[in-house]
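Notes to accompany the following structure.
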Amino acid sequence: GQSLEQPSEVTAVEGAIVQINCTYQTSGFYGLSWYQQHDGGAPTFLSYNGLDGLEETGRFSSFLSRSDSYGYLLLQELQMKDSASYFCALSDSGAGSYQLTFGKGTKLSVIP
Amino acid sequence: NAGVTQTPKFQVLKTGQSMTLQCAQDMNHEYMSWYRQDPGMGLRLIHYSVGAGITDQGEVPNGYNVSRSTTEDFPLRLLSAAPSQTSVYFCASIRDGMNTEAFFGQGTRLTVV
Numbered sequence: 304g305q306s307l308e309q310p311s312e313v314t315a316v317e318g319a320i321v322q323i324n325c326t327y328q329t330s331g332f333y334g335l336s337w338y339q340q341h342d343g344g345a346p347t348f349l350s351y352n353g354l355d356g357l358e359e360t361g362r363f364s365s366f367l368s369r370s371d372s373y374g375y376l377l378l379q380e381l382q383m384k385d386s387a388s389y390f391c392a393l394s395d396s397g398a399g400s401y402q403l404t405f406g407k408g409t410k411l412s413v414i415p
Numbered sequence: 040n041a042g043v044t045q046t047p048k049f050q051v052l053k054t055g056q057s058m059t060l061q062c063a064q065d066m067n068h069e070y071m072s073w074y075r076q077d078p079g080m081g082l083r084l085i086h087y088s089v090g091a092g093i094t095d096q097g098e099v100p101n102g103y104n105v106s107r108s109t110t111e112d113f114p115l116r117l118l119s120a121a122p123s124q125t126s127v128y129f130c131a132s133i134r135d136g137m138n139t140e141a142f143f144g145q146g147t148r149l150t151v152v
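Chain order of the listed sequences is A and B.
Under our numbering, the letters of the first sequence match residues 304 to 415, in that order.
Under our numbering, the letters of the second sequence match residues 40 to 152, in that order.
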C-alpha cells in the first residue's frame, strides 16, 4: 500500500513564503502531485513531479526526491486567497491503475 | 466544455435506502474514480475504472457498486445506506495514464440519518 504524511495545519503571513512537506511510503509510483481545495470546493490540480527536482508554476513550486521519499510544495508571495487545504498525492503504478492516493491534507491559513 | 459533472449536489437519505450518485465527463477521459472525503481523512478511493467495461475496487469499496458502460458515465450506487456513509463524494477523471492531472466534479454532500 501507499501512505503519505503531511502537516495538518500551517499558518503564514501574507506576502511571505511557505513550504508544505510531504513524506511517503510506497512500493512504486509514477509521480507526486499537489492539489488545492478551498472550503466547500473541489480539489484542483496544482503541480506534478514525475522526476526528481523542482517544478515551477508561477508562484507555486514543487519538489520531489525519490531517494528521500520526500516532496514539498512551495508557495511564494502568499495571498489571502491561498488560504485553503493542500494535498499531496501519489500516482499508483500498481496494475496500471494510475490512481491517486492522497495525504490527509494541510490546512494553510494566510494571515494579514 | 463542462468537465466533470456530478449530481446531486446535496442528498439526505434514511438508513437502508439506496441511491445512485451520477458522474459524467465530456473530456473523453479513460480513467475515472470515486473518492469520499471525511474530516481529517483526506480523499479515499472507493472504486475506479480504467475504461468502459472495466472497474476495480479502491481502498474503501464496501457498501458501494459502480459500472462503466460508456466512457462518459461512471455512476456510484449505495446499496443500503448507513450513517457511516455520510460524507462528501467526489468523482474524478484523468485523460490517460501518462497525464496525471485529475479533474474533479463539484462533489455530492450526502447525509444518512
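Note that CB positions come from ideal geometry on N, CA and C, so glycine has one too.
The beta-carbon of Y128 of chain B is placed no less than 7 Å from the nearest beta-carbon of chain A.
With its beta carbon less than 7 Å from one in chain A, L84 of chain B belongs to the interface. Relative to P346 of chain A, the option among A:L378, A:V413, A:Q305 and A:Y389 whose CA is nearest is A:Y389. Rounded to whole angstroms, the separation of the alpha carbons of V152 of chain B and G356 of chain A is 48 Å. Under the three-state reduction of DSSP output, S132 of chain B falls in the strand class. Within the same chain, Q305, L393, S394, D395 and S396 come within 8 Å of F332 of chain A by CB-CB distance, once the 5 residues on both sides are set aside. Scanning B:A131, B:D112 and B:E140 for the CA closest to the CA of R83 of chain B turns up B:A131. Y87 of chain B belongs to the set of residues whose beta carbon lies under 7 Å from a beta carbon in chain A. The CB of F366 of chain A never comes closer than 8 Å to any CB in chain B; the least such distance is about 16 Å. Looking at the DSSP output, V313 of chain A sits in a beta bridge with A:L411.
The three-state secondary structure of S123 of chain B, taken from DSSP, is helix. The three-state reading of DSSP puts D371 of chain A in coil, since its state is none of H, G, I, E or B.
DSSP places V99 of chain B in no beta strand (DSSP E); its state is neither H nor E. For G356 of chain A, the closest Cβ of chain B is not nearer than 7 Å. Rounded to whole angstroms, the gap between the alpha carbons of T147 of chain B and Y128 of chain B is 5 Å.
By alpha-carbon distance to L378 of chain A, the top candidate from A:G406, A:T404, A:Y338 and A:F405 is A:Y338. Under the three-state reduction of DSSP, M71 of chain B is assigned to strand. Residues S336, W337, E358, T360, F363, S364, S365 and L376 of the same chain have their beta carbon placed closer than 8 Å to that of S350 of chain A, with the five preceding and five following residues left out of the count. Here K407 of chain A is buried. Its C-beta has 16 or more other C-beta atoms within 10 Å. Taking 7 Å as the cut-off, the beta carbon of Y327 of chain A is found closer than this to the beta carbon of S372 of chain A.
With its beta carbon at least 7 Å from every one in chain A, T46 of chain B lies outside the interface.
A Cβ-Cβ contact shorter than 7 Å links E140 of chain B with F348 of chain A. Q56 of chain B is positioned such that its CB atom lies no closer than 7 Å to that of A121 of chain B.
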